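Chains as they are written, first to last, in the UniProt record's numbering: chain A, 1 to 223; chain B, 1 to 223.
Cβ coordinates follow ideal geometry from the N, Cα and C atoms, glycine included.
Predicted model, so just to flag it, every value in this text is computed and none were measured.
Here's the structure we're looking at; comments come further down.
Number of protein chains: 2
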Amino acid sequence: MSAPVPSSPPSDRVPLSRDRVLASAVAVADAQGLSGLTIRSLAGDLGVKPMSVYHHVANKEEILDGIVDAVFGEMEVPSDQGEWRAEMTRRARSARAALRRHPWAIGLMESRTNPGPATLRHHDASIGMLRAGGFSVVLTAHALALVDSYVYGFALQETGLPFEGADTAAEVAGTMLEQFATGQYPHLVELAEQHVMRPGYDFGDEFGFGLELILDGLAAARQ
Amino acid sequence: MSAPVPSSPPSDRVPLSRDRVLASAVAVADAQGLSGLTIRSLAGDLGVKPMSVYHHVANKEEILDGIVDAVFGEMEVPSDQGEWRAEMTRRARSARAALRRHPWAIGLMESRTNPGPATLRHHDASIGMLRAGGFSVVLTAHALALVDSYVYGFALQETGLPFEGADTAAEVAGTMLEQFATGQYPHLVELAEQHVMRPGYDFGDEFGFGLELILDGLAAARQ
DNA sequence: TAGCACCCCCGTACTTTGTACGGTACGGTC
DNA sequence: GACCGTACCGTACAAAGTACGGGGGTGCTA
């Protein structure tokens, strides 16, 4: 733990830039969580002293805005050439994947009211695709609000889950089981025993069910 | 601004308690935002010195867990006596209302993996209600994941909106319009001009559309 | 009624974090 | 060679979480 370990190879001559700062910020947040992202840890990752960062961003808020926009930049941008339902599926799945790679982004979205260029581009393309797919202006607004709510909310629940895989589940079970043991939550216990705790269950698999249901509904509304 | 102004009336003899701490924490977060909720501001609101708080909670994390659970406690608990669709509607609307009253809760949910008693009770009752309404165990899991994703995601978008009412919209418009003016986001502009910027538009109204669509889909799946 | 235990609260101080302020080194231009 | 802008750094301070060690009031026991 003596020398800082930059996430990017020590190609030392690269002179730092807003983009390098944001890329490092994403990497640090991925590795240490949002609370681990401090100006000092970020500078350490960049192989630079803390105050140097401030020559490329105004303050930490701007960094937070920037990394949220970076996450939007990782989502696939829909094309208005494709069939709307396939495009929406692709869009939703890649959005969920991006939010899974960067779970801290969800918590940040509430509080950032400053959409960046990638965010705007993403939304613009989505609207264009639906309009090209025959959706009215009003129905486009409905559809995007609905699908995005579902995607963000699903990601929120997914990252807020008490367990990651089967490995940590036991520990959590210990914490909660004392409460369950009192018999106060019979339905929760039933659902856990008969479904969630069964081998092979993965909350992530619920995503497809809801997405299809929603797209079915939108297809019907489009008529 | 000399004396601290407690949010609760200065009924001074009440001796502080975990519940009073959490209630004040909710009030402070509502008033100042989550970043305004510090041990010192909380103590100030309680009319007490900072370290006194630590006799009732272990640390700030526990406060954050506690206020999230408090928000869940404000949501109406579904009854397994009622008709499932009406109960789900009531549940979803009251959840959204609670998250609107306490926008900071959404950002907190990601990061809190420690559900409190109100949260567990809420989920338990919801499961029981759906089971009583004829949903299979598997479909119950699907339905809750779907509806909750929608509700949380909608709330997330709602609080992340760049404007509150028509009042601040102008300011935001100024910030973004320079980007819009470049013509990079034609579809966004169309949607804004023809729909969102029209008098009477309220993003909150989108909620009902998606909820009904989802419940229609679940009703069909239940057969 | 004197003594005592205990619960609740507080004063002080240390650590971590964001960031203001003023350098300093280096490359280019007149 | 004098000047200057760009990029980075050293120092320092304020705000926030919280460890540690009291102290004062209330009620119990003798």
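- When rounded, the separation of the alpha-carbon atoms in B/Ala31 and B/Asp80 is 36 Å.
- A/Val14 counts as exposed, since fewer than 16 other C-beta atoms from the protein chains shown sit within 10 angstroms of its C-beta.
- Closer than 8 Å to the CB of A/Pro103 there is at least one CB belonging to chain B.
- Listed in chain order, the non-local C-beta contacts of B/Phe203 below 7 Å within the same chain comprise Glu158 and Leu161, local neighbours out to five positions each way being set aside.
- For B/Thr140, the enclosing alpha helix (DSSP H) starts and ends at Val137 to Thr159.
- CA-CA distance, A/Val21 to A/Ser35, rounds to 17 Å.
- By the beta-carbon neighbour count (other beta carbons within 10 angstroms, threshold 16), B/Gly33 is exposed.
- In this structure, the alpha-carbon of B/Pro186 lies about 8 Å from that of B/Phe180.
- Within the region 52-94 of chain A, the runs of alpha helix (DSSP H) at least 4 residues long that lie entirely inside it are, in chain order, 60-73.
- With contact defined as three or more Cβ pairs closer than 8 Å, the region 33-52 of chain A and the region 89-96 of chain A are not in contact.
- The residue among B/Ala98, B/Val138 and B/Val26 with its C-alpha nearest the C-alpha of A/Gln194 is B/Val138.
- Of the residues B/Leu191, B/Gly82 and B/Leu146, the one whose Cα lies closest to the Cα of A/Phe209 is B/Leu146.
- Think of a sphere of 8 Å around the beta carbon of A/Ala141: the chain B residues whose beta carbon falls inside it are Leu191, His195, Val196 and Glu206, in chain order.
- Per the C-alpha coordinates, the member of B/Arg85, B/Ala118 and B/Lys60 positioned closest to B/Val71 is B/Ala118.
- Note on B/His55: under 16 other CB atoms within 10 angstroms of its CB, so exposed under the neighbour-count rule.
- Taking CB atoms only, B/Gln223 has no neighbour in chain A less than 8 Å away.
- In terms of Cβ geometry, A/Phe135 and A/Arg222 form a close pair [threshold 8 Å].
- For the 8 Å CB-CB criterion, B/Ala125 and B/Val77 form a contact.
- In terms of beta-carbon proximity, B/His55 stays away from the interface with chain A, with every pair separated by 8 Å or more.
- Beta-carbon to beta-carbon, A/Ala95 and A/Val151 are separated by about 5 Å, close enough to satisfy the 8 Å threshold.
- Restricting attention to alpha helix (DSSP H) runs no shorter than 4 residues, the region 19-47 of chain A encloses them at 39-46, ordered along the chain.
- At least one CB of chain B lies nearer than 8 Å to the CB of A/Arg131.
- With its beta carbon less than 8 Å from one in chain B, A/Leu161 belongs to the interface.
- Residue burial is scored here from C-beta neighbours: B/Thr140 has at least 16 other C-beta atoms within 10 angstroms and is therefore classed as buried.
- Assignment of B/Arg112 by DSSP, reduced to helix, strand and coil, places it in the coil class.
- Here B/Ala58 is exposed. Its C-beta has fewer than 16 other C-beta atoms within 10 Å.
- Here B/Ile106 has Leu99, Tyr152, Ala155, Leu156 and Thr159 as same chain residues with Cβ atoms under 8 Å from its own Cβ, once five neighbours each way along the sequence are excluded.
- Excluding the 5 residues flanking it on each side, B/Val28 has same chain C-beta neighbours closer than 8 Å at Ser7, Gly36, Leu37, Ser41, Leu42 and Asp45, in chain order.
- Sequence-ordered contacts of the region 24-50 of chain A with chain B read Gly33, Leu34 and Ser35 [C-beta pairs closer than 9 Å].
- Secondary structure of A/Gly134 (DSSP, three-state): coil.
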